[in-house]
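Which chain is which? The protein sequence lines are A, B and C, in order. For the record, in the first sequence the residue sitting at position 297 is 297 according to the UniProt record's numbering, with numbers rising by one throughout. For the record, in the second sequence the residue sitting at position 279 is 279 according to the UniProt record's numbering, with numbers rising by one throughout. For the record, in the third sequence the residue sitting at position 52 is 52 according to the UniProt record's numbering, with numbers rising by one throughout. From the three backbone atoms N, C-alpha and C, an ideal C-beta is built for every residue, glycine too. None of the values given here were measured: they were computed from a predicted structure.
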Amino acid sequence: MTHPQVSMTLADIARHLNIPVKGDGNVAVSGLATLKDAGPDQVAFLANRAYVKDLASTRAAAVLLHPDYAQDCPVACLEIANPYVGYAQLSQLFDPLAVNRLEAGVHPSAVVAEDAKLGQGVRIEANAVVASGAVLADNVVIGPGSVVGADTQLGEGSHLHANVTLYHGVVIGKRVILHSGCVIGADGFGFAHDGTGWHKIAQLGGVILGDDVEVGSCSSIDRGALGDTVIGNDVKIDSQVQIAHNVHIGDHTALAGCVGIAGSTRVGKHCMLGGGVGLSGHLTLCDGVQVTGMSLVTNSIHKPGVYSSGTGAMANHQWRKNAVRFKQLDEIAKRLARLEKRHQG
Amino acid sequence: MTHPQVSMTLADIARHLNIPVKGDGNVAVSGLATLKDAGPDQVAFLANRAYVKDLASTRAAAVLLHPDYAQDCPVACLEIANPYVGYAQLSQLFDPLAVNRLEAGVHPSAVVAEDAKLGQGVRIEANAVVASGAVLADNVVIGPGSVVGADTQLGEGSHLHANVTLYHGVVIGKRVILHSGCVIGADGFGFAHDGTGWHKIAQLGGVILGDDVEVGSCSSIDRGALGDTVIGNDVKIDSQVQIAHNVHIGDHTALAGCVGIAGSTRVGKHCMLGGGVGLSGHLTLCDGVQVTGMSLVTNSIHKPGVYSSGTGAMANHQWRKNAVRFKQLDEIAKRLARLEKRHQG
Amino acid sequence: MTHPQVSMTLADIARHLNIPVKGDGNVAVSGLATLKDAGPDQVAFLANRAYVKDLASTRAAAVLLHPDYAQDCPVACLEIANPYVGYAQLSQLFDPLAVNRLEAGVHPSAVVAEDAKLGQGVRIEANAVVASGAVLADNVVIGPGSVVGADTQLGEGSHLHANVTLYHGVVIGKRVILHSGCVIGADGFGFAHDGTGWHKIAQLGGVILGDDVEVGSCSSIDRGALGDTVIGNDVKIDSQVQIAHNVHIGDHTALAGCVGIAGSTRVGKHCMLGGGVGLSGHLTLCDGVQVTGMSLVTNSIHKPGVYSSGTGAMANHQWRKNAVRFKQLDEIAKRLARLEKRHQG
Numbered sequence: 001m002t003h004p005q006v007s008m009t010l011a012d013i014a015r016h017l018n019i020p021v022k023g024d025g026n027v028a029v030s031g032l033a034t035l036k037d038a039g040p041d042q043v044a045f046l047a048n049r050a051y052v053k054d055l056a057s058t059r060a061a062a063v064l065l066h067p068d069y070a071q072d073c074p075v076a077c078l079e080i081a082n083p084y085v086g087y088a089q090l091s092q093l094f095d096p097l098a099v100n101r102l103e104a105g106v107h108p109s110a111v112v113a114e115d116a117k118l119g120q121g122v123r124i125e126a127n128a129v130v131a132s133g134a135v136l137a138d139n140v141v142i143g144p145g146s147v148v149g150a151d152t153q154l155g156e157g158s159h160l161h162a163n164v165t166l167y168h169g170v171v172i173g174k175r176v177i178l179h180s181g182c183v184i185g186a187d188g189f190g191f192a193h194d195g196t197g198w199h200k201i202a203q204l205g206g207v208i209l210g211d212d213v214e215v216g217s218c219s220s221i222d223r224g225a226l227g228d229t230v231i232g233n234d235v236k237i238d239s240q241v242q243i244a245h246n247v248h249i250g251d252h253t254a255l256a257g258c259v260g261i262a263g264s265t266r267v268g269k270h271c272m273l274g275g276g277v278g279l280s281g282h283l284t285l286c287d288g289v290q291v292t293g294m295s296l297v298t299n300s301i302h303k304p305g306v307y308s309s310g311t312g313a314m315a316n317h318q319w320r321k322n323a324v325r326f327k328q329l330d331e332i333a334k335r336l337a338r339l340e341k342r343h344q345g
Numbered sequence: 001m002t003h004p005q006v007s008m009t010l011a012d013i014a015r016h017l018n019i020p021v022k023g024d025g026n027v028a029v030s031g032l033a034t035l036k037d038a039g040p041d042q043v044a045f046l047a048n049r050a051y052v053k054d055l056a057s058t059r060a061a062a063v064l065l066h067p068d069y070a071q072d073c074p075v076a077c078l079e080i081a082n083p084y085v086g087y088a089q090l091s092q093l094f095d096p097l098a099v100n101r102l103e104a105g106v107h108p109s110a111v112v113a114e115d116a117k118l119g120q121g122v123r124i125e126a127n128a129v130v131a132s133g134a135v136l137a138d139n140v141v142i143g144p145g146s147v148v149g150a151d152t153q154l155g156e157g158s159h160l161h162a163n164v165t166l167y168h169g170v171v172i173g174k175r176v177i178l179h180s181g182c183v184i185g186a187d188g189f190g191f192a193h194d195g196t197g198w199h200k201i202a203q204l205g206g207v208i209l210g211d212d213v214e215v216g217s218c219s220s221i222d223r224g225a226l227g228d229t230v231i232g233n234d235v236k237i238d239s240q241v242q243i244a245h246n247v248h249i250g251d252h253t254a255l256a257g258c259v260g261i262a263g264s265t266r267v268g269k270h271c272m273l274g275g276g277v278g279l280s281g282h283l284t285l286c287d288g289v290q291v292t293g294m295s296l297v298t299n300s301i302h303k304p305g306v307y308s309s310g311t312g313a314m315a316n317h318q319w320r321k322n323a324v325r326f327k328q329l330d331e332i333a334k335r336l337a338r339l340e341k342r343h344q345g
Numbered sequence: 001m002t003h004p005q006v007s008m009t010l011a012d013i014a015r016h017l018n019i020p021v022k023g024d025g026n027v028a029v030s031g032l033a034t035l036k037d038a039g040p041d042q043v044a045f046l047a048n049r050a051y052v053k054d055l056a057s058t059r060a061a062a063v064l065l066h067p068d069y070a071q072d073c074p075v076a077c078l079e080i081a082n083p084y085v086g087y088a089q090l091s092q093l094f095d096p097l098a099v100n101r102l103e104a105g106v107h108p109s110a111v112v113a114e115d116a117k118l119g120q121g122v123r124i125e126a127n128a129v130v131a132s133g134a135v136l137a138d139n140v141v142i143g144p145g146s147v148v149g150a151d152t153q154l155g156e157g158s159h160l161h162a163n164v165t166l167y168h169g170v171v172i173g174k175r176v177i178l179h180s181g182c183v184i185g186a187d188g189f190g191f192a193h194d195g196t197g198w199h200k201i202a203q204l205g206g207v208i209l210g211d212d213v214e215v216g217s218c219s220s221i222d223r224g225a226l227g228d229t230v231i232g233n234d235v236k237i238d239s240q241v242q243i244a245h246n247v248h249i250g251d252h253t254a255l256a257g258c259v260g261i262a263g264s265t266r267v268g269k270h271c272m273l274g275g276g277v278g279l280s281g282h283l284t285l286c287d288g289v290q291v292t293g294m295s296l297v298t299n300s301i302h303k304p305g306v307y308s309s310g311t312g313a314m315a316n317h318q319w320r321k322n323a324v325r326f327k328q329l330d331e332i333a334k335r336l337a338r339l340e341k342r343h344q345g
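Spelled out as C-alpha cells, the structure:
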C-alpha cells in the first residue's frame, strides 16, 4: 500500500454530500486541511466558531461551512447544515485504508481452524489465528497477529487491526472497528475470599458488541461472570479504557481515553464520559449523562446533565497549603457553625 | 471448541463441595445463574444479603446458601458456610476452558527454540514464540501469538492466554494465569538526567511472580533496575494495571483495574487497592491496607484500615463553585481563625 | 541467550567513564548493585544523599560517587561529577540485551513484504510482519510478533520489542525503543455527532517520533486527524500512557505511567508529568512544567514550575466527613464572608 493520491473535483465532493457548490466545481482537490493550513488543492471546513477568524485568509480550494458564514468566505463554498458531519463524511473519501480496498483472502501464514466459517470477501492477514467454531461474516478483515477465539462471531464488515485479541464466545456486530492491542472477552476480576486467600470465579458469561462500535488501542472489555457484558450500537470507546464484567453501555455513548468502569455498572444511551473518568461498580447512569475528565462517580445518577468531581490544578506551593486544609474541612465547617451560633446568640 | 453442555446432578455438585443436598439429588443441572435469572436446570447462590429478596421467587433447581437462609428457600438447598466460595468452586465445573481440556503439543506454526525445555503436557498454540533457554514446567499452556523471552521460567500449570508477552529472565510461579495483552518484564522507567537530556539506565533486574497469581488484560509489570520486581503468591491483578520497577506486592493482595504503582513501593499482604488508585514511589503500605477507588497515596501507611482521597461527583454547576473555593481554602481557614480570635478577645 | 557473565576490571570501567580509579584497578567486577546489596565483585553507586548512611558499611568492590564523598568511602572510588549518569552509562555495559548482540537476519517465520526496504544489520524475529512500503534503516530490530504497517519508516538502530504494533505511515526516528504491547498510529478518537449518532472522522494524519524516544509497554500514541501527532527527540514515555491525536510533545520531556493527554494539546520541552496526570485537549504547557501525580490540568500553563491538583489520602472515616464538606464549600465561604461583614459592621 502506498499513500493514495486521491483526486476529485469540488463537484464530485458536493455530489457526495448532496449539496451544491458555490464556485467553480471543476477545481481538483486532493485532500482536507484546516482553514489555516489548507492549500489551493485542499478543502477546509468551518465547524467551530473559534476558527471564524481564519476564514478570511484561507487559501483553501473551498470551505465546507454553515450557510450563515457563506458571505464571509473568500473562496468556493460548500454550504451544509452540519459542517462537522460533512467533514466526517468527506474524510472517508481520503482515507487510504478505505481507498486501497484490501484484497480478500487468507494469508498463507495465518492459521484458520478447519471448521471456522468465512463469509465472502473475508481477509485474514499474516500470522493471524482464527480458532475452531469462529464465524466471520462477509467482508470481515482480521489484521496481522490478531487472534479470534473459539466460537467467536464477527458481523459483516467488521475490521480487526493488528494484534487484537478476541477470547472465545464473543459476539461482535456489524461494521465494528477494533484497534490494535485491544482485548475483548478476558476474564472479569472475580474472586471469592475464604478468610485466608482467593478462589477464582470462572467467568462463564460472554461479551456482546453491537453494530458500529469502535474500540481504541489497548482497551479491555471483560467477559461477564454469569450473564454478558453488553456494549450497545454505535458506542465509541477510546484507547486505554477498562470495562469490567457485566457492564452494560447504552447506544451512542462515547467513552474517552483511560476511562474505567467497574463491574455490573449500567451506563445509559447518549452518555459521554471524559478522559480518565472512573465509575464504581453496581451503579446506574441514566441516558444523557456527561461526566467531565478524571471525575470519580460512586453513586448512581438519575438525572441527565453534566457531573464532575476533583479539583483544578494550581501552583504546587499554593496547592500544598490548600490540600492540608482539606483534611481540616469538617472541623472548619464545625468551627464556622459555632461562630455563627454565638453571633446569633 | 464448542461451548460444552456440562450436565451433572445436584448430588454430583454436593459431593464436589462436600456438603449434603436438601432435596432431590437426582435433578440434572447444566449451569449457574443468579437467583433471579436461574431456570429449573440451573443452580443459583445467595452470597449477598441484598439478594435475599430474590430467594422466595427463584426458579432455580437448587440454591447454594448459608444455613440461616435454608428455611426460606423454596427449592432444593445446598447449605454451606461461605456460599460465595462455594459458587467460586462450582463455577470451575462449568468453565468451558477447563472442561474442554486442551490437548498437549506444539502447534506447527509456533516457533520454539531448540534448547527450550518443555515439561509433560505442555501446549503451545499457533504462532506463539518461545525463546532460547526458556523452561516450561508440566501442563503449561502458551496461547496463540504469545511470546516467552529468553531464559524465562514458567511453573507447573501456568496459562498464558493469546498475545501475552514475557521478556527475558522472568520467573513465573505455578498455576499463574496471564491474560491477553499483558506484558511482564519490560524495562522499568529509569533515566538519569545530565542537565541537557536523558541517559537510559539499563534495567538489569528481573520479575518474579509467585504461585496462583492472575494478571488481567493489557497490564504491565516492569522488570527491576537492579534487584527484582516481586509479586507474591495469590496476588490478583486486574486489567490496565501498571506496576513499576522494583515494586513488591505481598501475598493475597488484590489490585483492581487501572491501578498504578510507582517504582520501589512495597505493598503488604492482604491489601486491596480500588480501581484507578495511584501509589507514589518508594512508599511502604503495611499488611491489611485498603485504598478506595481513584485515591492517590503519597505517604507510607503503617496502620491497617481503609484510606481515601479525592472528592465525590456532583452536578457540574455546583462543582464549579466549590472547586473554585478549594483554591481559597487556606485563606478561608486563616480568615476563620482571625474571626474566632477577635470573637474571643 | 543465556544471562551473560560479564567480567571486567575496575580499570576497564574507569576507562569507559573516562575517570580515574582510586584503588586497585585490577579487581574484577561482574555487575552493579546498591551500596547495601553490593558484594565484593560488584560496583555500587552513591547518587542520592539518602543513601550516604550505607556508604561506610558497603562491601562493594568500588563505589561511583561525587568527589565530596570520596574521603568517607571504605573501598575503591570512582569519582564523577554526576554519579547517577555514571551509573546509567555503566548499566549499559552489563545489559544482556546489549552484550548478547543479536544476529542480523530475517526469521523464516516472519512475513516481510517484497517491497519493504531493509538496511544492513536489520534483524526481524519470529512471526513478525512487515508490510508493503516499510523502510527499516540499518540495525533496526523487530521483535517477535511485532507488526510494522505499510509505508512506515524506522530510523537507524531502533528496536521494537515483542508484540509492538505500528500502523501505516508512521515515522520513527533513530535509536527509538518501543516496548511490548505499545501501539503507535491507531486512529484518534474523532467522531461528529449528527444529533442522533456518530459519524467516524477518518484519521488522515500520521505520527512522528523523534530520535532517542522510548515508549513503555501497552502505551498508545494515536495518529493525527489531519496533521500529525509529534513526539520530540529524547522524549521518554512510560507504560500505560495515552497520547491522543495531534498532540505535540517537546524534546526531552518525560511522561510517567498512566498519563493521558487529550487531543491537540501541546506540551513543551523539558517537562515532566507524574504518574496518572491528565491533560485536557487543546491546551499549551510551556517548557519546564512539572505536574505532580494524578493531577488534572484543564487550563494552559504559561509559566515553568510545579503544578498540582487533588487531595492527599487519609483514613476513610475522616475523608468521608471532609469530602461531604467539599460539596458545601461555596456555601461555607459565603457564610464566612457574611460573618466577617457583620463583625466589621
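Q. So what's TYR167(C) in DSSP terms, helix, strand or just coil?
A. coil
Q.
Cutting at 7 Å between CB atoms, please list the residues of its own chain near LEU118(A), excluding the five before and the five after it.
A. The beta carbon of LEU118(A) sits closer than 7 Å to those of LEU136, all from its chain and outside the five residues before and after it, given in chain order.
(Q) Output needed for ALA333(B): all residues of its chain with C-beta closer than 7 Å, excluding positions within five of it in sequence on either side, in chain order. (A) none
Q: Express the C-alpha separation of ASP251(C) and LEU126(B) in angstroms, rounding to a whole number.
A: In the sequence as presented, Leu is not what sits at residue 126(B); that position holds Ala. In this structure, the CA atom of ALA126(B) is about 41 Å from the CA atom of ASP251(C).
Q | Straight-line gap, SER158(C) to ILE142(C) (C-alpha atoms, nearest Å) | A | 9 Å
Q: Report yes or no: is there a C-beta of chain A within less than 8 Å of the C-beta of ASP41(B)?
A: no
Q.
Taking DSSP's pairing of strands, which residues face TYR307(A) in a bridge?
A. VAL291(A) and ALA315(B)
**Q.** Contact list for GLY305(C) against chain A, beta-carbon separation under 9 Å
**A.** ALA315, ASN316 and HIS317
Q) Based on Cα-Cα distance, which residue from PRO20(C), HIS107(C) and ASP24(C) lies nearest to ALA81(C)? A) For the options PRO20(C), HIS107(C) and ASP24(C), the alpha carbon positioned closest to that of ALA81(C) is the one of PRO20(C).
Q | For PHE94(C), the three-state DSSP class (helix, strand or coil) | A | coil
**Q.** Cβ-Cβ separation, THR253(B) to GLY232(B) (assumed contact under 8 Å), whole Å
**A.** 7 Å
Q: Measure the CB-CB distance between residue 359(C) and GLY205(C) and report whether it falls below 8 Å.
A: Nothing can be reported for residue 359(C), as the shown portion of chain C is limited to 1 through 345.
Q: Sort TRP319(A), GLY288(A) and ALA110(A) by Cα distance to ILE124(A) and report the nearest one.
A: It is ALA110(A) whose Cα lies nearest to the Cα of ILE124(A).
**Q.** Neighbourhood of SER31(A) by C-beta distance below 8 Å, restricted to the same chain and skipping five residues each side
**A.** Ser is not the amino acid found at residue 31(A); the sequence shown has Gly there. So the qualifying residues of the chain are VAL6, ASP41, GLN42, VAL43 and PHE94.
Q | the segment 174 to 181 of chain A / the segment 202 to 219 of chain A touching (three or more Cβ pairs under 8 Å) | A | yes
Q: Look up LYS22(A) in the DSSP assignment and say whether it is helix, strand or coil.
A: strand
Q: Return yes when the Cβ of GLY263(A) is within less than 8 Å of the Cβ of GLY188(A), no when it is not.
A: Yes, the Cβ-Cβ distance between GLY188(A) and GLY263(A) is below 8 Å.
Q | ARG285(C) - partner residues in DSSP beta bridges | A | It is worth fixing the name first, because residue 285(C) is Leu in this sequence and not Arg. VAL267(C) and ILE301(C), per the DSSP bridge assignment.
Q) Smallest Cα separation from ASP330(C): which of ARG325(B), GLU331(B), LEU329(B) and ASP330(B)? A) If we check each option's Cα against that of ASP330(C), ARG325(B) comes out closest.
Q) Among ASN18(C), THR229(C), VAL130(C) and GLN203(C), which has the Cα closest to the Cα of LEU209(C)? A) THR229(C)
Q.
Could you compute how far the alpha carbon of SER308(C) sits from the alpha carbon of ILE13(C)?
A. Distance between the alpha carbons of SER308(C) and ILE13(C) is about 41 Å.
Q: Can you tell me which of the three DSSP states GLU331(A) falls into?
A: helix
Q.
With H, G and I counted as helix, E and B as strand and the rest as coil, what does DSSP make of GLY149(B)?
A. coil
Q.
By alpha-carbon positions, which one of VAL52(B), PRO83(B), SER91(B) and ASN322(B) ends up nearest to ASP72(B)?
A. The shortest C-alpha separation from ASP72(B) is found at VAL52(B).
Q) Would you say ASP222(C) faces chain B, with C-beta separation under 8 Å as the test? A) no
(Q) Could you compute how far the alpha carbon of PRO144(A) sits from the alpha carbon of PRO67(A)? (A) Just so you know, the alpha carbons of PRO144(A) and PRO67(A) end up roughly 45 Å apart.
Q. From TYR87(C), GLN120(C) and SER91(C), pick the residue whose C-alpha is nearest to that of GLU103(C); which is it?
A. GLN120(C)
Q: Determine, using beta carbons only, whether LEU46(A) and VAL27(A) come nearer to each other than 8 Å.
A: no
Q. Leaving out five residues before and five after ARG59(C) in sequence, what residues of the same chain have Cβ atoms less than 7 Å from its Cβ?
A. ALA38, GLY39 and PRO40
Q: Return no unless some Cβ of chain A is closer than 8 Å to the Cβ of THR2(B).
A: Bear in mind that a pLDDT of 44 at THR2(B), under 50, signals an unreliable position, so the number given afterwards is only what the model happens to contain. Closer than 8 Å: yes.
Q) Going straight from the alpha carbon of GLN240(B) to that of ALA186(B), what length do you get? A) Those two C-alpha atoms are separated by around 15 Å.
Q) How far does the alpha helix (DSSP H) with ILE13(A) in it reach, from first residue to last? A) 10 to 17
**Q.** DSSP beta-bridge partners of ARG123(B)
**A.** GLY105(B) and VAL141(B)
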